[in-house]
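Read through the structure below, which is laid out as structure tokens, and then see the notes.
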Amino acid sequence: MVWALPEPFVIDIRVADEAIDAYQHVNNSEYLRWVEQISWAHSVALGLSLGRYQALDRAMVVHRHELDYLAPAFAGDELQLATWIVDCDERFSLTRRFQLVRVKDAKTLLNARTRFACVALSTGRPKRLPEEYRRIYGGAVIVE
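Going by the numbering used here, the first residue of the sequence shown is number 14, and it counts up by one from there.
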């Protein structure tokens, strides 16, 4: 697969019938669900599980999503979704980039970007990134 950036974290997706909408293609909301799914999977792979978030009383919450839908996906399609952390300001936020590709023709179906803000789980108020987040997320940054 040819990716937009090097060293992607990738998950495989097989489009289920339940993801199909009245237009007979994947519903737009499903792409957002996949973006959330891979974000968590990548964080866990880096060692930052929900348990670590709770222990540190910190969470990365969505500040902004940008999704560019380039082509539809259909029931049964085999897809690969990649993510990269492309910015970590080491203060309050980090940004992920995403690329969704259909395996059979290597066509990019979606490009997306999400900016996350750090908050205290206990209050929901903005907080600085803890050292562990700065080290792990900051160390995973792939420069665009």
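Backbone N, C-alpha and C define an ideal beta-carbon position, used for all residues, glycine too.
- In the DSSP assignment, residue 41 falls within the alpha helix (DSSP H) that extends over 41-59.
- Residue state for residue 82 is assigned as strand, using DSSP reduced to three classes.
- Each residue's CA atom was taken as its position, placing residue 56 and residue 95 some 13 Å apart.
- The continuous alpha helix (DSSP H) containing residue 67 extends over residues 63-69.
- Taking every protein chain shown into account, the CB of residue 112 has 16 or more other CB atoms within 10 angstroms, so this residue is buried.
- Residue 137 and residue 73 have their C-alpha atoms spaced approximately 10 Å apart.
- Residue 39 counts as buried, since no fewer than 16 other beta carbons sit within 10 angstroms of its beta carbon.
- Between residue 157 and residue 126, the C-beta gap is not smaller than 8 Å, which leaves the two residues out of contact.
- Residue 91: not part of any alpha helix (DSSP H); member of the beta strand (DSSP E) spanning 91-101, first to last residue.
- Beyond the five residues adjoining it in sequence on each side, residue 101 comes within less than 6 Å, by CB distance, of 107, 150, 151, 154 in the same chain, given in chain order.
- Secondary structure of residue 155 (DSSP, three-state): coil.
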